[in-house]
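Colleague: Sequential numbering of the sequence shown, starting at 195, is according to our numbering.
The beta carbon of each residue, even a glycine, is placed where N, CA and C say it ideally should be.
Submitted below is the structure of interest, expressed as structure tokens.
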Amino acid sequence: MERRGVTVWFTGLSGAGKSTIAQALAEKLKAEGYPLEILDGDIVRTNLTKGLGFSREDRDENIRRIGFVSHLLTRNGVIVLVSAISPYREVREAVRDRIGEFIEVYVSAPLDVCEQRDVKGLYKRARAGEIKGFTGIDDPYEPPLNPDINCQTHQETLEESVDKVMAALQPYLETHQRVAVTA
195 MERRGVTVWF TGLSGAGKST IAQALAEKLK AEGYPLEILD GDIVRTNLTK
245 GLGFSREDRD ENIRRIGFVS HLLTRNGVIV LVSAISPYRE VREAVRDRIG
295 EFIEVYVSAP LDVCEQRDVK GLYKRARAGE IKGFTGIDDP YEPPLNPDIN
345 CQTHQETLEE SVDKVMAALQ PYLETHQRVA VTA
């Protein structure tokens with residue numbers, strides 16, 4: 195049986211819990227011996243897409259680049275976990291179409307909850323006018339119309355969110371041979 199790769203794309207506002215769920219899922223998958231890669235939006239911006247700003251065009255280009263890397267990994271049988279705000283529906287759909295094996299996870303939480311969770315103080319700075327074009331404040335976030343999974347992090351536990359994603363991953367996991375986990 196050929197190993198099937200898949201991209202799990204976590205989208206949502208800053209502070210919704212995308213990276214938290216992706217990291218917890220990664221730990222669980224690694225513990226079970228599955229090979230994977232994590233592409234976190236913040237880390238990608240400091241490496242792969244350094245120099246891009248936050249205009250709509252630059253945000254779309256950022257997502258296209260993440261999507262390109264995800265496509266390469268996915269077609270080579272890797273489980274890819276992407277955690278990126280990816281605010282615009284059209285470019286998310288283009289990335290989905292390109293990758294093919296794709297699970298869209300909408301990590302949703304009300305804006306006020308995201309602001310309460312904001313450890314970096316970005317929302318506060320955006321509300322003070324120090325950051326322009328901040329998603330959810332003065333730049334739109336277009337929620338998925340039909341996400342494969344909706345993790346409502348203000349109403350469910352981290353474990354419940356991870357379990358939802360694991361359930362959707364089962365058809366892909368069945369094609370992967372587990373690798374030995376070393377301590």
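With respect to the alpha helix (DSSP H) encompassing S355, which residues constitute its N-terminal and C-terminal limits?
Modeller: 352 to 367
Colleague: Only counting runs of 4 or more residues, tell me where the alpha helix (DSSP H) segments fall wholly within the segment 223 to 284, in order along the chain.
Modeller: Complete alpha helix (DSSP H) runs here, min 4: 235 to 241, 250 to 269.
Colleague: Starting from the C-beta of R290, find all residues in its chain whose C-beta is less than 8 Å away, skip the five residues before and the five after it, and write them out in chain order.
Modeller: Taking R290 as the centre and dropping the five residues before and after it, the same chain places the C-beta of W203, F296, E298 closer than 8 Å to its C-beta, in chain order.
Colleague: Rounding to the nearest angstrom, what Cα-Cα distance links I279 and I237 in this structure?
Modeller: 13 Å
Colleague: Judging by CA-CA distance, which residue of E221, N270, Q310 is the nearest neighbour of S208?
Modeller: Q310
Colleague: Please name the residue in R269, T369, C308, G227 whose C-alpha comes closest to that of Q349.
Modeller: Per the Cα distances, C308.
Colleague: Candidates V276, V263, Y335, R286: which alpha carbon is nearest L305's?
Modeller: Y335
Colleague: Buried or exposed: which applies to P338, given that a residue is buried once 16 or more other Cβ atoms fall within 10 Å of its Cβ?
Modeller: buried
Colleague: Would you check if the distance between the CB atom of G235 and the CB atom of S277 is smaller than 8 Å?
Modeller: In contact: G235 and S277 (Cβ atoms closer than 8 Å).
Colleague: In terms of alpha-carbon separation, which member of T369, V359, P365 lies closest to L275?
Modeller: V359
Colleague: Which partner residues does P333 have in the DSSP bridge list?
Modeller: Reading the sequence as shown, one finds Asp at residue 333 and not Pro. DSSP, once it has assigned bridges, lists T329 as partnering D333.
Colleague: Report the option in C345, D254, D357, K318 whose CA atom is closest to the CA atom of Y300.
Modeller: C345
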